[in-house]
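Comments concern the structure below.
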Amino acid sequence: MPNYDAIVIGAGQSGPALARRLAAAGRKVAIIERKLFGGTCVNTGCTPTKTLVASAYVAHVARRAGDYGVGIKGAVNVDMKAVKARKDAVVAVFRNGVEQSLKTLRGCTVYEGHARFVADKKVAVNDSELAADQIFINVGARAAIPPIPGLDKIPYLTNSSMMDVDFLPSHLLILGGSYVGLEFAQVFRRFGSEVTVIEFGARLISREDQDVSEAVAGFLKEEGVDVRVDSKVIGVEKQGSSIAAKIESTGRLSQIAGSHMLVATGRRPNTDDLGLDRAGISTDAHGYILVDDQLRTNISGIWAMGDCNGRGAFTHTSWNDFEIVAANLLDNDRRRVSDRIMAYALYTDPPLGRAGMTEAEVRKRGKPALISILAMKDVMRAYERGETKGFMKILVDRDTKQILGASFLGLEGDEVIHSVLDIMYAKAPYTVIQRAMHIHPTVSEFIPTMMDKLKPLQ
Ligand SMILES: Cc1cc2nc3c(=O)[nH]c(=O)nc-3n(C[C@H](O)[C@H](O)[C@H](O)COP(=O)(O)OP(=O)(O)OC[C@H]3O[C@@H](n4cnc5c(N)ncnc54)[C@H](O)[C@@H]3O)c2cc1C
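Here is the structure:
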């Protein structure tokens, strides 16, 4: 049985980085990947979806070319095979980068196969059994498939199989009006598909504030996406070449048919086939591995990083998990998960950049707060660019003057949010950014202006 100092299971966002750090520290490392190096982000998540968002944006702007005084003769056509080829080329660069960096890493052995615990410090892969005192689990998550009658009998799509789509679905039905579903909705609408989003809840992206949900629904509808909220899919079936969804909405039954169906109703951790019971590793009721503030599981010498620990569902949270584990293990630096401020983006156009608390969370907290909201139509740069949808919202603690949270739904919202996020990490008062001189004309130049306009949250 080969013995290692450390075994990393899964080559997603944190595993490869940790393998590199451990190998550089002179440890004998094994890393096991069952499918594609780089995991979800690189192969079926962030990278490919953002290349699709980029292609869809070009199609959208091309259709609006006349608004900018630019003539395009004839209709704008989207070549789906070329869109997919571009996506595949970008993904291949990232995936090969991860794969080659591991396969050429001194002190690291790469195993390609499904890993399964056979005991607390023993992992089986292919025909080998590997042992190590330290094991790091980075197995990620996959699309959760809801128990809808008939779903197992139709050829539905997930974020993974969407990556093989090199044609234009004539009518894409999307189950789930949250982050993954909405990015695909706008992208395929801009490519030219009819798109219907079917959401069980009363509004889209229900974790966000109501005004954010409404604004996102508003611009999606303006682009022709059919948004159905309060709609429970109670069954699906094939009807000729179509797929029909039976919907129950406020007590009424209806049906909608499309050519294809994407299921985007959440994620589940890849922990059900990992033999966790053989190692005695505890999970919660949803299968997420329970970890402490430094990502240690209940079994000494075993850590869980990334989506599978349920402490984050983003590439940057997985990467931050790597940093926390590496800092504690190798740098004598007691970094913790609770040190981080939640931040993420929704990559619709315009995007939503989020940091810290929502307005609803600030209200629930019940302490005096200040709020400032600025419509993107009042931001000069957005006006000049002809992209004025959305608004920016900042919330501040009245007494400490520290920023509690921000939602930037608008041009460059995913970038501009970082000026607020960094001040939050610095635990500095908002007056620091209020007095900063920002560059004109940018979206960011309005952040100090927003601070001037803070008023009590009623
Ligand atoms: C459509 C979509 C778009 C997204 N867009 C964004 C975005 O824009 N920004 C963002 O921050 N996040 C985004 N995410 C989320 C992001 O992709 C994930 O949070 C991130 O990839 C999680 O990384 P990870 O390290 O936890 O695991 P993963 O990247 O999922 O990697 C886990 C790896 O473990 C392997 N594995 C699993 N089980 C085993 C086993 N038993 N043996 C061996 N190997 C195993 C898997 O094959 C996989 O390669 C998106 C997700 C989706 C689905």
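Taking our numbering, the leading residue of the sequence shown gets 1, the next gets one more, and so forth. All residues carry an ideal CB built from backbone N, CA and C; glycine is no exception. Since we're looking at a predicted model, the values are computed, not measured.
Comparing the CB of residue i with every heavy atom of ligand 1, is any distance shorter than 7 Å?
i, result
"F94", "no"
"K103", "no"
"S14", "yes"
"F136", "no"
"E33", "yes"
"L459", "In the structure as shown, the chain begins at 1 and stops at 458. Residue 459 is therefore absent and cannot be evaluated."
"L22", "no"
"F117", "no"
"D211", "no"
"T44", "yes"
"V337", "no"
"L274", "yes"
"S170", "no"
"I9", "yes"
"F191", "no"
"A313", "yes"
"D307", "yes"
"K50", "yes"
"H286", "no"
"N270", "yes"
How far does the alpha helix (DSSP H) with residue i in it reach, from first residue to last?
i, result
"H171", "Here H171 belongs to no alpha helix (DSSP H); instead the beta strand (DSSP E) covers 171-175."
"M392", "It is not in any alpha helix (DSSP H) - M392 instead sits in the beta strand (DSSP E) that spans 391-397."
"N3", "No alpha helix (DSSP H) holds N3; the beta strand (DSSP E) holding it covers 3-9."
"V83", "80-103"
"T47", "46-63"
"G15", "15-24"
"E359", "359-365"
"L182", "179-191"
"V432", "430-434"
"E415", "413-425"
Should residue i and residue j be called a contact, given that it needs their Cβ atoms to be closer than 8 Å?
i, j, result
"V42", "V8", "no"
"A369", "D397", "yes"
"A62", "V76", "yes"
"V263", "Y156", "yes"
"T297", "S282", "yes"
"Q294", "N328", "yes"
"D230", "S254", "no"
"L421", "Y179", "no"
"E223", "R189", "yes"
"D120", "A279", "yes"
"R363", "V337", "no"
"G192", "V78", "yes"
"P441", "R365", "no"
List the DSSP bridge partners of residue i.
i, result
"V379", "Answer is none; V379 lacks a bridge partner."
"T317", "Answer is none; T317 lacks a bridge partner."
"K238", "I243"
"A124", "R116, E129"
"D226", "T196"
"T144", "According to the sequence provided, residue 144 is Ala. The question's Thr does not apply to it. DSSP, once it has assigned bridges, lists no residue as partnering A144."
"V29", "A6, C108"
"S460", "Only positions 1 to 458 of the chain appear in this structure, which leaves residue 460 out of reach."
"S372", "I394"
"R296", "W303"
"P155", "In DSSP, P155 forms no bridge with anything."
"Q134", "A6"
Please return the same chain residues whose Cβ sits closer than 6 Å to the Cβ of residue i, not counting the five positions on each side in sequence.
i, result
"S459", "In this structure the chain extends from 1 to 458, so residue 459 is not present and cannot be described."
"E237", "G150, A244"
"N3", "A131"
"F408", "G353, M392, V416, I417"
"G177", "V197, E199, L204"
"M357", "L404, G405"
"T49", "E183"
"V98", "P16, F37, G38"
Taking the continuous beta strand (DSSP E) assigned at residue i, which residues delimit it?
i, result
"T109", "108-112"
"V263", "260-263"
"D206", "Just to set this straight, residue 206 is Ser in the shown sequence, not Asp. S206 -> no beta strand (DSSP E), and no H or E assigned at all."
"F408", "403-409"
"G353", "352-356"
"I302", "302-304"
"L276", "Counting along the chain, L276 falls outside any beta strand (DSSP E), though it belongs to the alpha helix (DSSP H) covering 276-279."
"P448", "Run containing P448: none in the beta strand (DSSP E); it sits in the alpha helix (DSSP H), 446-452."
"Y344", "343-346"
"R267", "267-269"
Any heavy atom of ligand 2 closer than 7 Å to the beta-carbon of residue i?
i, result
"I439", "This structure does not include ligand 2; its bound ligands are ligand 1."
Excluding sequence positions up to five away, which residues of its chain have a Cβ less than 8 Å from the Cβ of residue i?
i, result
"K401", "P429, Y430, T431"
"A426", "V432"
Given residue i, which residues of its chain have a CB within under 7 Å of its CB, disregarding the five upstream and five downstream residues?
i, result
"I148", "V233, G235, V236"
"G39", "G10, A11, G12, Q13, G140"
"T44", "N159, S160, M163"
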